[in-house]
Structure formats: structure tokens, C-alpha cells
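In the UniProt record's numbering, the protein residues as written are 7 to 297.
See below for the structure under consideration.
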Amino acid sequence: RPHLLSMQQLTNEQIFHLFQLADQMKNNLYLPVERQTFAANVFLEPSTRTKMSFQVAETRLGLETMNLDGESSSFTKGESLYDTLKTLESIGVEVAVVRQSEVGLLDQCKDLNLSLINAGDGCGEHPTQSLLDLYTIHEHFQHFEGLHVAIAGDLKHSRVARSNAHALRKLGAEVSFVTKPEWQDPTLTDRYITMDEAVHECDVLMLLRIQHERHTDSGEELGYLENYGLTKEREAMMHPNAIILHPAPVNRGVEIDSDLVESPKSRIFRQMTNGVTIRMAIIEALLKGEL
Ligand code: CP
């Protein structure tokens, strides 16, 4: 069965095919899956948006959904992710959405006879977040070629930056990076711009959450907004047609001035709405063997 583990596996044609499916989902032009189909959401790291929007997406598609977490399952007895997913396969689950902390761990489970969706693997990738970000950008601009996207924040620990940088470049966008020296990531780039340069130049400002749970840098918030974040003064410098993205949860007043979270340029809550439709599209495409 097909999986969605990384943005690297998708061609541009497949990305645009998912957008077409998502448009159908958005406009309620789809038939729910009539055959009884089970989907499992296996979340071993915390989540609000991804987990809840997958549940909504599965329910809207007519799937039977179930949830497994790390605390109340046999993970507490030391059962591996492979054996857990093999169990789900054995009882008839056809789609498993998995969030866990080890980069690339799902690659070891690719031969199982159920479709796997990577819902975030530590600092690795977050392909469904990337697809909803891309869909939100495309919804606004209708193209990627020539767009300047600035990705700003905790690059080193960000699976969202990794998935998006790769896909955006492949789609023809110019991608720039803003961060403080400790969070630079040579796998993404060796060239950085300042936040002041980013707000003057970019069409899309993609802010990232400081990943407090993945490092012990306790002093990072002091002066962060003024030095590296989106203040009201900087927002006023942005192009009139530019938009602001953030995968959320947002550290209000740290990556972005709290008042800007729901400002006219912000697409932060639109991203969440689009997360349901793009996840419906992903599940539909996987069930039809299209990815
Ligand atoms: N953006 C995102 O992945 O949010 P959650 O961690 O709440 O799922």
C-alpha cells in the first residue's frame, strides 16, 4: 500500500493532484467511502491540530477512526512501533497516522499492508503540515514560481521547515531563512537574511514555533520578538499582498506580536481549516493508490 512519509517522495504533479482533491473536499464534491474502513491515529507526541484535524478528515470521509497514545497502550510495556503497527494491520486497519519522535522510524514499517502517514517524526518531516501550508499559499497566490518565501525561527529543530523548504524550491519558489546563529541548519542553507530584510522582500513569511521541548535553551525568549520575531513595526513593512503563516501552536509575543495572530495578513487559522481538506485529500489518494 502507498504511504506519505516525506515531501521528498512527492512530484509536483502529485502535489497539484492533492490540491485538486482538496478543492473537491472544500466544496463538498466527494462521495464518502462506503466500504467499512478503519483508520488509526497513533500519537506518541502531543498534538492538537494534526490529531484533531485527522479525526475530522477521517470522519467526514466516512472512515471508522480510533486513537492510540503512548500512555494508555502497550507502548508502556515496551512494544515497538513496528509491532504496534503490525497489530493494527492484523486487526484490519487500513490507514495509520503516526506522530512519534524518532526521525525516519516509519521507514522500517513500509512493508506493512496498511497506508502510513507521517504526522511528524521528531525533527525530521511533517509532510501533511507542508501540504496544508502549500495549499494555503496556492489558495492566495495561485502559483509558486517566483514567490519569495522567508522561513523564520527555530530551523534546527523544525520538521516543518525541512518539509517546506524542499517542496517550495521544487515548485519554483525562492526560499530564504531567518534565524539566530544557534539554530542555523546547514542541511537547509548556508545563507541567512535578517528579519528586517525578510519583511521587505518576502511574499510569504512562514514563522516557526520555538521548540522548547527539543532543546534546553531557556534564555531564548529574552528579546526574541524584537531581534528575530514579527513585531507590528515589521509587519507594517510587508508587501500589501504578503501573507503570514505559522504552523501553530503559536508562542504569542515571542515569534509574533500577539495582536498579529488574527490580523488581515495572517493565514494561521486558515491553515488549520485547510488542514482538514488537505488531509481528506491525502487519505482519499492513499486509499485509491494514487500516491
Ligand atoms: N502544527 C501542528 O502540527 O500542530 P500540533 O502539534 O498541535 O498537531
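Ideal placement from N, C-alpha and C gives every residue a C-beta, glycine not left out.
Here residue 119 is exposed. Its C-beta has fewer than 16 other C-beta atoms within 10 Å. Relative to ligand 1, the beta carbon of residue 181 is positioned no closer than 8 Å to any heavy atom. In the DSSP assignment, residue 229 falls outside any alpha helix (DSSP H) and carries neither an H nor an E. Just measuring C-alpha positions, the residue of 260, 136, 165 and 217 sitting nearest residue 238 is 260. Taking C-beta atoms as the reference points, residue 213 and residue 236 count as a pair closer than 9 Å.
Within the same chain, and ignoring the five residues on either side of residue 276 in sequence, the residues whose Cβ sits closer than 7 Å to its Cβ are 142. Note: residue 257 is not bridge-paired with any residue in the DSSP secondary-structure output. Taken from the Cβ of residue 116, every heavy atom of ligand 1 lies 8 Å or farther away. In this structure residue 286 is in contact with residue 63, their Cβ atoms being roughly 4 Å apart against a cut-off of 8 Å. Buried is the label assigned to residue 240, since at least 16 other Cβ atoms lie within 10 Å of its Cβ. Contiguous beta strand (DSSP E) elements confined to the region 56-81 occur at 70-75, taking only those with 3 or more residues. 172 is the residue among 97, 172 and 158 whose C-alpha sits nearest the C-alpha of residue 133. Residues of the same chain with a CB within less than 6 Å of the CB of residue 22, apart from the 5 flanking positions on each side, do not exist.
Taking the Cβ atoms as the reference, residue 137 lies roughly 12 Å from residue 289, outside the contact range of under 8 Å. For residue 285, the enclosing alpha helix (DSSP H) starts and ends at 274-293. A Cβ-Cβ separation of about 7 Å places residue 169 in contact with residue 135 under the 8 Å criterion. A check of alpha carbon separations from residue 130 across 82, 251 and 167 identifies 167 as the nearest. It is roughly 14 Å from the alpha-carbon of residue 128 to the alpha-carbon of residue 216.
The way I'd put it, the region 144-164 doesn't touch the region 83-92; fewer than three beta-carbon pairs between them come closer than 8 Å.
Within the region 111-185, the runs of alpha helix (DSSP H) at least 4 residues long that lie entirely inside it are, in chain order, 133-147 and 165-176. Beta-bridge analysis with DSSP links residue 47 to 73 and 103.
One Cα belongs to residue 48, the other to residue 57, and the distance between them is close to 9 Å.
Residue range 210-213 is occupied by the beta strand (DSSP E) that includes residue 212, with no alpha helix (DSSP H) assigned at that position.
Short of 7 Å from the beta carbon of residue 18, and not among the five residues preceding or following it, lie these beta carbons of its own chain, in chain order: 176 and 177.
If you compare the alpha carbons of 14, 66 and 43 with that of residue 33, the shortest gap goes to 66. Per DSSP, residue 199 is not a residue of any alpha helix (DSSP H), being assigned neither H nor E.
In terms of side-chain proximity, the C-beta atom of residue 175 is found no nearer than 8 Å to any non-hydrogen atom of ligand 1.
The Cβ-Cβ distance between residue 144 and residue 25 falls below 9 Å.
In its chain, beyond the 5 residues on either side, 121, 292, 295 and 297 have a beta carbon closer than 7 Å to the beta carbon of residue 8.
Remark: the shortest separation between the CB of residue 53 and any heavy atom of ligand 1 falls under 8 Å.
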